[in-house]
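Residue numbers (the numbering used here): 3 to 285. Glycine included, C-beta positions come from ideal geometry on N, C-alpha and C. Here is the structure we will look at, set down as structure tokens.
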Ligand SMILES: [Zn+2]
Ligand SMILES: [Zn+2]
């Protein structure tokens with residue numbers, strides 16, 4: 003059997019659990035989330051096999067197979083309730099009790115809403131208003147919908163890019179991490195989508211938050227214990243995004259190494275930078 007992208011992520015999380023003790027707790031949580039997501043991706047592939055999701059670029063979120071997704075949601079909430087930290091476990095429990103109308107609202111609010119704004123799940127639990135799902139519910143919907151979005155993205159024909167979009171050319175969500183590879187005698191940078199995991203080529207010196215392209219305003223930092231991960235910062239808008247340098251280790255799996263490199267987030271925040279997109283561990 004071919005190892006899937008989910009297997010690679012889970013294996014990498016296991017490796018990093020022992021390599022980076024500071025990340026062990028987060029990697030344990032991620033491993034369980036990714037194990038659920040792997041199963042949901044496989045279920046999605048089975049359920050949608052034969053249907054032709056011929057949606058054009060940028061329109062991935064126009065389709066939503068609610069009759070397939072909705073029955074899967076309570077199972078996901080039960081799993082999360084068992085192993086998530088309290089700021090996610092309690093909302094998962096609450097949401098589970100709401101039944102199908104609440105589940106549908108959480109899924110649709112996230113899918114059709116502004117996926118660019120996703121605050122940390124430790125925040126604003128009480129600030130829910132009546133009209134939209136509260137941040138922890140958005141968070142749960144995000145984690146749940148990732149494998150479904152990734153399946154839809156994987157079915158797309160290659161996308162022709164116009165310029166260098168700062169959000170995902172397939173689904174419009176923000177990037178979660180950058181990737182550096184060697185190409186010719188230089189290097190190439192790409193960004194990975196926080197929702198559908200699509201990866202697109204990006205300019206090396208360009209801020210995805212504000213469009214800054216003057217080199218003195220852009221800098222990057224790394225730490226000796228995690229040399230293959232760097233923090234790309236913009237001194238114009240004070241935003242940062244991590245990049246995984248695959249020229250330094252080919253073993254890295256960008257979305258997982260991003261989650262594990264917690265000391266770099268602490269460093270960036272101590273220096274006044276705000277993250278472009280909070281990850282699923284809330285860092
Ligand atoms: Zn995307
Ligand atoms: Zn900027």
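Discussion item. Taking its Cβ as the centre, do 16 or more other Cβ atoms sit within 10 Å of residue 117, making it buried, or is it exposed?
Written reply: buried
Worksheet item: How about residue 147: is its Cβ closer than 7 Å to a heavy atom in ligand 1?
Response: no
Worksheet item: In whole angstroms, what is the alpha-carbon distance linking residue 67 and residue 183?
Response: 35 Å
Practice prompt. Going by DSSP, name the residue or residues bridged to residue 220.
Written response: 236
Practice prompt. Have a look at the DSSP bridge pairing and note the partners of residue 6.
Written response: Answer is none; residue 6 lacks a bridge partner.
Discussion item. Within 8 Å, do at least three Cβ pairs link the segment 144 to 161 to the segment 217 to 228?
Written reply: no
Worksheet item: How many Å lie between residue 128 and residue 281 at the Cα?
Response: Summary for residue 128: the model assigns pLDDT 44, below 50, so the residue's position carries little reliability; its value from the coordinates is reported in the next sentence. One C-alpha to the other measures close to 21 Å.
Discussion item. Measuring only the C-alpha atoms, how far is residue 64 from residue 106?
Written reply: 16 Å
Item to complete: From the DSSP output, in three-state form, read off residue 116 for me.
Response: coil
Discussion item. Can you tell me where the alpha helix (DSSP H) holding residue 203 begins and where it ends?
Written reply: Not the alpha helix (DSSP H): residue 203 falls in the beta strand (DSSP E), residues 201 to 204.
Worksheet item: Could you give the residue range of the beta strand (DSSP E) that holds residue 183?
Response: 177 to 185
Discussion item. Runs of 3 residues minimum, wholly inside the segment 20 to 69: which ones carry the beta strand (DSSP E) assignment?
Written reply: none
Fill in: Nonlocal neighbours in the same chain, by C-beta distance under 7 Å from residue 33, ignoring five residues either side
12, 15 and 16
Worksheet item: Looking at residue 270 and residue 231, is the spacing between their C-beta atoms short of 8 Å?
Response: no
Discussion item. Going by DSSP in three states, residue 249 sits in which element: helix, strand or coil?
Written reply: coil
Item to complete: Name, in chain order, the residues that DSSP records as bridge partners for residue 231.
Response: 246
Discussion item. Taking 6 Å as the limit, name every residue whose beta carbon sits nearer than that to some heavy atom of ligand 2, in sequence order.
Written reply: 209, 211, 212, 214, 236, 238, 239 and 241
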